[in-house]
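Student: Residue numbers (UniProt numbering): 1 to 434.
Have a look at the structure that comes next, please.
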């Protein structure tokens, strides 16, 4: 079989957001239209303009660890428990959500039957432990010897890849991919390459929590990228893609892990399959500014369809980037119209960020989990907070109500600051096509 002929499927998923750290709870709350957005609990400086986000800073990692004990082999559980003792907040969540996905894929207890060098670990994101770094730097300015003695290691993004690999005993390729808000899709793209071209049977695509420092949201507010003018006292209303009152995205915590597997390997071990990965394509706008480009987004989607051998009318659902910015939401809708023409009006489109906020680097992975769960259950979650639909947004965006729909082919868009575009296509798995 040539590398390009290798088919890749999703066999396991893990999730951690403020509205659910299990797949069932996450999906149930999405369908119910529950908002993850509250006031930040970790914020200490009242001068920071934006006060709202999806907050996991008080997440009970010990309780989650205890819930995984029975499903993990003792050696894996022991490594996970030990590493969590020292791991920064974001790294610890990456380890937990990856263990969750490992269990969901039915891989726990089968480690001895697989070659550890054929299991890759790819992490999508950069500057992940921002708050850990700034806290240690503030300590350093006061008393250098009081910083975390492991800071030189733990503040590195690569520690996520190393930690997840160590927990699961994987010895294949392990690295991080940075692409701003497209990072987790960039990691997905590399997972495909690792399986097709670099002799891996499976690859974990990890979308970690971006642990914001206090400076991060303030800088984004000063840039005009995030909401802070109107909704600090009503945080659940702050994220409102497609609505006329949208004023910027809502930065949020959230993590996810996808287990990608070569189809033959998955079938041989009797794995369940959430969907097939048809392809993932990246382009750039050739501009470092955080301004969305309809042309760049359309070019990415068109290239993806061509590379996957699909026509636009074969796609029926778009898990949108839809960040709740005035320009960004309209740019994406216009790109969809450009690519899909009249078929755009037959698409179902929804906005996970209306409930989750923008989980930034992990957003493509978090939202792909949401999309594949909708594919599994045949019901689409609403785009909430659409009180007055922007008249220029005239597609079916599932405004405020869950919708029955059997997804056949899903487009997952991700468009990062600096014109970093990366989009992926997933299909319902057809066992008769093997």
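For every residue, glycine included, the Cβ atom is placed at its ideal position computed from N, Cα and C.
Note that this is a predicted model, so its numbers are computed, not measured.
Evaluate residue 200 with the Cβ neighbour count: other Cβ atoms within 10 Å of its Cβ, from every protein chain shown; 16 or more gives buried, anything less gives exposed.
Tutor: So residue 200 ends up on the buried side.
Student: For residue 13, list the residues DSSP reports as bridge partners.
Tutor: Note: residue 13 sits in a beta bridge opposite 258.
Student: For residue 29, report the span of its alpha helix (DSSP H) as first-last.
Tutor: Where residue 29 is concerned, the enclosing alpha helix (DSSP H) stretches over 23–31.
Student: Starting from the C-beta of residue 267, find all residues in its chain whose C-beta is less than 8 Å away, skip the five residues before and the five after it, and write them out in chain order.
Tutor: Excluding positions up to five away in sequence, the list reads 434.
Student: How close, in whole Å, do the beta carbons of residue 251 and residue 226 come, if the pair is a contact with beta carbons under 8 Å?
Tutor: At roughly 6 Å, the Cβ-Cβ gap stays under 8 Å, so residue 251 and residue 226 are in contact.
Student: Count the other CB atoms, across all protein chains shown, that sit within 10 Å of the CB of residue 69; report buried if there are 16 or more and exposed otherwise.
Tutor: So residue 69 ends up on the exposed side.
Student: Quick one: grab the DSSP three-state call for residue 93.
Tutor: If DSSP states are grouped into helix, strand and coil, residue 93 belongs with the helices.
Student: Tell me the DSSP secondary structure of residue 319 in three-state form.
Tutor: Three-state DSSP puts residue 319 in a strand.
Student: Ordered along the chain, which non-local residues of its own chain (more than five positions away) have a Cβ less than 6 Å from that of residue 343?
Tutor: If we look at residue 343 and ignore the five residues flanking it on each side, its Cβ neighbours are 312 and 313.
Student: Based on the DSSP output, what are the partners of residue 350 in its beta bridges?
Tutor: Per DSSP, 319.
Student: Going by the CB atoms, is the gap between residue 378 and residue 405 shorter than 8 Å?
Tutor: Yes. Within cutoff.
Student: Skipping 5 residues on each side, what residues in its chain have a beta carbon closer than 7 Å to that of residue 419?
Tutor: So the qualifying residues of the chain are 284, 285, 286, 287, 293 and 296.
Student: Roughly how many angstroms separate the alpha carbons of residue 310 and residue 58, rounded to a whole number?
Tutor: Roughly 44 Å separates the two Cα atoms.
Student: Below 8 Å, how does it come out for the region 72–86 and the region 237–254: are there three or more Cβ pairs, yes or no?
Tutor: Result no; under three Cβ-Cβ pairs closer than 8 Å.
Student: Based on Cα-Cα distance, which residue from 181, 218 and 71 lies nearest to residue 51?
Tutor: Of the candidates 181, 218 and 71, the one whose C-alpha sits nearest the C-alpha of residue 51 is 218.
Student: Within the continuous alpha helix (DSSP H) that includes residue 186, where are the two ends?
Tutor: Per DSSP, residue 186 belongs to the alpha helix (DSSP H) from 183–197.
Student: Between which two residues does the beta strand (DSSP E) holding residue 175 run?
Tutor: Looking at the DSSP string, the run of the beta strand (DSSP E) that includes residue 175 is 174–177.
Student: Which residue spans inside the region 265–307 form an unbroken beta strand (DSSP E) run of at least 3?
Tutor: Fully enclosed beta strand (DSSP E) runs of 3 or longer: 275–284.
Student: Which runs of the beta strand (DSSP E), 3 residues or longer, sit entirely within the region 333–404?
Tutor: You should have 348–350.
Student: What span of residues does the alpha helix (DSSP H) with residue 164 cover, start to end?
Tutor: Unbroken alpha helix (DSSP H) run through residue 164: 158–168.
Student: So, helix, strand or coil for residue 136, using DSSP?
Tutor: Three-state DSSP puts residue 136 in a helix.
Student: When DSSP labels each residue in this structure, what does residue 86 get in the three-state scheme?
Tutor: Residue 86: helix per DSSP, three-state reduction.
Student: In the DSSP assignment, find the unbroken alpha helix (DSSP H) run with residue 222 in it and report its ends.
Tutor: Element bounds for residue 222: 215–223.
Student: Would residue 20 and residue 359 be called neighbours here (beta carbons separated by less than 8 Å)?
Tutor: Not a contact, by the Cβ cut-off of 8 Å.
Student: Got a sec, what are the start and stop residues for the alpha helix (DSSP H) residue 68 sits in?
Tutor: Unbroken alpha helix (DSSP H) run through residue 68: 61–68.
Student: For residue 80, does the three-state DSSP call read helix, strand or coil?
Tutor: Looking at residue 80 - three-state DSSP - the assignment turns out to be helix.
Student: For residue 19, name the three-state secondary structure that DSSP assigns.
Tutor: Residue 19 falls in the coil class under three-state DSSP.
Student: Which stretch, first to last residue, makes up the beta strand (DSSP E) that contains residue 152?
Tutor: Premise fails: residue 152 lies in the alpha helix (DSSP H), 151–154, not in any beta strand (DSSP E).
Student: Taking all protein chains shown into account, decide if residue 7 is buried (16 or more other Cβ within 10 angstroms of its Cβ) or exposed.
Tutor: Classification of residue 7: buried, given that the 10 Å Cβ count is 16 or more.
Student: Do you know whose CA, among 173, 187 and 172, lies nearest residue 179's CA?
Tutor: Of the candidates 173, 187 and 172, the one whose C-alpha sits nearest the C-alpha of residue 179 is 187.
Student: Using only alpha-carbon positions, find the residue among 206, 270, 229 and 238 that is nearest to residue 254.
Tutor: The shortest C-alpha separation from residue 254 is found at 206.
Student: Between the Cα of residue 436 and those of 115, 99, 396 and 347, spot the shortest distance and give me the residue it belongs to.
Tutor: The structure shown does not extend to residue 436, since the chain is modelled only from 1 through 434, so no value can be given for it.
Student: Which class does residue 101 belong to by DSSP, given the choice of helix, strand or coil?
Tutor: The answer is helix: DSSP assigns residue 101 an H, G or I state.
Student: Helix, strand or coil: how does DSSP classify residue 71 here?
Tutor: Of the three classes helix, strand and coil, the one that applies to residue 71 here is helix, per DSSP.
Student: Sort 376, 260, 263 and 240 by Cα distance to residue 322 and report the nearest one.
Tutor: For residue 322, the nearest C-alpha among the options comes from 240.
Student: Using beta-carbon positions only, say whether residue 99 and residue 80 come within less than 8 Å of one another.
Tutor: Yes, Cβ-Cβ distance for residue 99 and residue 80 is below 8 Å.
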